[in-house]
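Student: Keeping their order, the protein sequence lines are chains A and B. Per this note's numbering, the first sequence runs over residues 1 to 201. Per this note's numbering, the second sequence runs over residues 1001 to 1201. The beta carbon of each residue, even a glycine, is placed where N, CA and C say it ideally should be. Below you will find the structure I want to go over with you.
Number of protein chains: 2
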Amino acid sequence: MVDEKTNEQIMKATYTALCKKGYADLTMQHIANEAQKSKSTLHYHYNTKKELFDSFLEYLYYNLETKLETIQAENPVDQLDKTIDFILDYNDSQDYPELQIAILEIKTQAPYNEDFRERLKEFDKLLCKHFEQILKKGKKQNFFKKDINEKNTAMFIITLINGFHTRRIAIGDTNTSFKNILSEYIKDYICIEKTGGGYIL
Amino acid sequence: MVDEKTNEQIMKATYTALCKKGYADLTMQHIANEAQKSKSTLHYHYNTKKELFDSFLEYLYYNLETKLETIQAENPVDQLDKTIDFILDYNDSQDYPELQIAILEIKTQAPYNEDFRERLKEFDKLLCKHFEQILKKGKKQNFFKKDINEKNTAMFIITLINGFHTRRIAIGDTNTSFKNILSEYIKDYICIEKTGGGYIL
């Protein structure tokens, strides 16, 4: 059993090492170096790189869950907007744009690694549920159209976000036009149109 | 200069080897074995794995371009539908579902490999242009709404397709619900609604 402080140190070191090296080239030695611990100390806590990564994905999951809960919003439209913005840019700060690439590497491993696949399913489920809740609240409070199916719409948004991340990595598309198109879709497809021609924002 | 027949043989061998081994683990030897040629013969035509893959991506590009042109459709709605279906399942036949995984691997290499990135940009541009043309034709022939922006809508569809492929690999989502949701979006957002309540199909 790893104590909380040591685990936090190792997880942060994994994060940094992953961003520097990518998943395929990463070794336990790189992570040990980053954590300023010996490789044997690291192996004492985690037998294999695969085991450590399983914990790392769990760590990212709880981080994401906490961050989603702390997004402050005025109403469901604002919450939907801020949540999408947050996930589109998640871990894509100037310091570590590489994490998204490493996560895509992990996704390519998923068909051959059941543990990774199960973790990735949990991420997907977390995001789907979160968007479903926002959409449900927005319908109830009369911000979103009554006829949208919140489950399908949540899955549609998650698919778009996945596509945005993949495309950004593959072709380096960093322009903001996708965000504008997504906003248009949300306004036209999800939000209730005001009779004045504007939208509830 | 590689003659056409030899090139076709090598490209088909690369395709098969890539599907069997994935990009990271693939060697020139694997491809040579698959092509039933010696490794030195392969190196005579292509100096490096990177060079061979650049040609392979070009080969896939022309293949895709040809296949897109041969899709038979009754009208722009049907063409949009069939083209999306084709790309969602492209190279995802029972024989080689692994090609999509290998392509995602190549996408993760793109930030570090300018040649790959340029090739992937060409793929993206080809698909965007193709969807733009379908949307333009559909607007002109009164199948699609006049107020849709064909460039933005094409990019939105491409992003959705990217997301579908990534999500299928990451979480193994093989159900058809996404296709139904995408069809709904196209009916509601792009197609002109008939006064009888139906859509032009």
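Classify A:F53 as helix, strand or coil using the three-state DSSP reduction.
Tutor: Reduced to three states, the DSSP call for A:F53 is helix.
Student: Give the interface partners of A:L57 over in chain B, defined as CB-CB distance under 7 Å, in chain order.
Tutor: Correct list: empty, because the minimum Cβ distance to chain B is about 12 Å.
Student: If the cut is a Cβ gap below 7 Å, which residues of chain B does A:L120 touch?
Tutor: Within chain B, the residues near A:L120 are A1170 and I1171.
Student: Output the distance between the C-alpha atoms of B:K1107 and A:N33, rounded to the nearest integer angstrom.
Tutor: Looking at the two C-alpha atoms, the distance is approximately 29 Å.
Student: In whole angstroms, what is the alpha-carbon distance linking A:F178 and B:N1152?
Tutor: Spanning the two alpha carbons is a distance of roughly 8 Å.
Student: Looking at the C-beta of B:L1104, does it have a partner C-beta in chain A at a distance below 7 Å?
Tutor: Yes - at least one Cβ of chain A is within 7 Å of the one on B:L1104.
Student: Measure the alpha-carbon distance for A:I158 versus B:A1170 and round it to whole angstroms.
Tutor: C-alpha separation (whole angstroms): 13 Å.
Student: According to DSSP, simplified to helix, strand and coil, what is B:E1193?
Tutor: Strand.
Student: Indicate the three-state DSSP secondary structure (helix, strand or coil) for B:F1086 in the structure shown.
Tutor: Note: B:F1086 maps to helix in three-state DSSP.
Student: Start and end of the alpha helix (DSSP H) containing B:Q1141?
Tutor: Taken as a continuous stretch (DSSP letters only), B:Q1141 belongs to no alpha helix (DSSP H), as it is neither H nor E.
Student: If distances are taken between C-alpha atoms only, which option among A:K137, A:D25 and A:L182 comes closest to A:I84?
Tutor: Ranking the options by Cα distance to A:I84, first place goes to A:L182.
Student: Taking a contact to mean a Cβ-Cβ separation below 7 Å, would you say B:D1054 touches B:D1115 in this structure?
Tutor: Yes, the Cβ-Cβ distance between B:D1054 and B:D1115 is below 7 Å.
Student: Comparing the C-beta of B:A1110 with each C-beta of chain A, is any distance below 7 Å?
Tutor: So yes, B:A1110 belongs to the interface.
Student: To the nearest angstrom, report how far apart B:K1136 and A:E74 are at their CA atoms.
Tutor: Their backbone Cα atoms lie some 39 Å apart in a straight line.
Student: Spell out a yes or no on whether the region 46 to 60 of chain A and the region 111 to 125 of chain A are touching, meaning 3 or more CB-CB pairs, one atom from each, closer than 8 Å.
Tutor: Verdict: yes, contact present.
Student: What are the start and end residues of the alpha helix (DSSP H) that includes A:A154?
Tutor: Per DSSP, A:A154 belongs to the alpha helix (DSSP H) from E150 to I171.
Student: Cβ closer than 9 Å: which chain B residues qualify as neighbours of A:G138?
Tutor: What A:G138 touches in chain B: nothing, since even the nearest Cβ is about 18 Å away.
Student: Please state the DSSP three-state secondary structure of B:D1147.
Tutor: If DSSP states are grouped into helix, strand and coil, B:D1147 belongs with coil.
Student: In chain order, which continuous runs of the alpha helix (DSSP H) of length 4 or greater are located wholly inside the region 19 to 44 of chain A?
Tutor: Within the region 19 to 44 of chain A, the complete alpha helix (DSSP H) runs of at least 4 residues are 28 to 35.
Student: So for B:T1006, helix, strand or coil by DSSP?
Tutor: DSSP places B:T1006 in helix when its eight states are reduced to three.
Student: Do you know whose CA, among B:N1149, B:I1161, B:F1143 and B:I1148, lies nearest B:E1193's CA?
Tutor: Among B:N1149, B:I1161, B:F1143 and B:I1148, the Cα nearest to that of B:E1193 is on B:F1143.
Student: When you compare each of B:E1105, B:I1010, B:Y1046 and B:P1076 to B:Q1036 by their alpha carbons, which one comes out closest?
Tutor: Checking every option, the nearest Cα to that of B:Q1036 belongs to B:I1010.
Student: Taking the straight line between their C-alpha atoms, what separation do you get for B:H1043 and B:H1030?
Tutor: About 13 Å.
Student: Would you say A:G198 lies against chain B (beta-carbon separation less than 7 Å)?
Tutor: With a pLDDT of only 47 at A:G198, under the threshold of 50, the placement of this residue in the model should not be trusted; the figure read from the coordinates follows. With 7 Å as the cut-off, A:G198 does not count as an interface residue toward chain B.
Student: Once the 5 residues before and after A:L80 are set aside, which same chain residues still bring their CB inside 6 Å of it?
Tutor: Correct list, in chain order: I134.
Student: Consider the Cβ of A:N113: report whether some Cβ of chain B lies at a distance smaller than 7 Å.
Tutor: Judged by the 7 Å Cβ criterion, A:N113 is not in contact with chain B.
Student: With C-beta atoms as the reference, is A:I101 less than 7 Å away from A:I161?
Tutor: Going by C-beta atoms, A:I101 is not nearer than 7 Å to A:I161.
Student: DSSP three-state call for A:E74: helix, strand or coil?
Tutor: A:E74 falls in the coil class under three-state DSSP.
Student: At a CB distance below 9 Å, what residues from the region 12 to 30 of chain A approach chain B? Give them in sequence order.
Tutor: Against chain B - using a Cβ distance shorter than 9 Å - the residues of the region 12 to 30 of chain A are G22, Y23 and A24.
Student: Please state if the CB of B:K1139 and the CB of B:K1146 are separated by a distance shorter than 7 Å.
Tutor: Yes.
Student: Give the interface partners of B:D1089 over in chain D, defined as CB-CB distance under 8 Å, in chain order.
Tutor: The structure shown contains no chain D; its protein chains are A and B.
Student: With H, G and I counted as helix, E and B as strand and the rest as coil, what does DSSP make of A:N180?
Tutor: Helix at A:N180.
Student: According to DSSP, is A:N47 helix, strand or coil?
Tutor: Looking at A:N47 - three-state DSSP - the assignment turns out to be coil, as it is neither helix nor strand.
Student: Using the Cα positions of A:D95 and B:P1076, report the straight-line distance between them to the nearest angstrom.
Tutor: With a pLDDT of 45 at A:D95, under the threshold of 50, the modelled position of this residue cannot be trusted, and the question is left open.
Student: Closest Cβ-Cβ distance between B:I1157 and chain A: below 7 Å?
Tutor: No, B:I1157 lies away from the interface with chain A (no Cβ there is under 7 Å from its Cβ).
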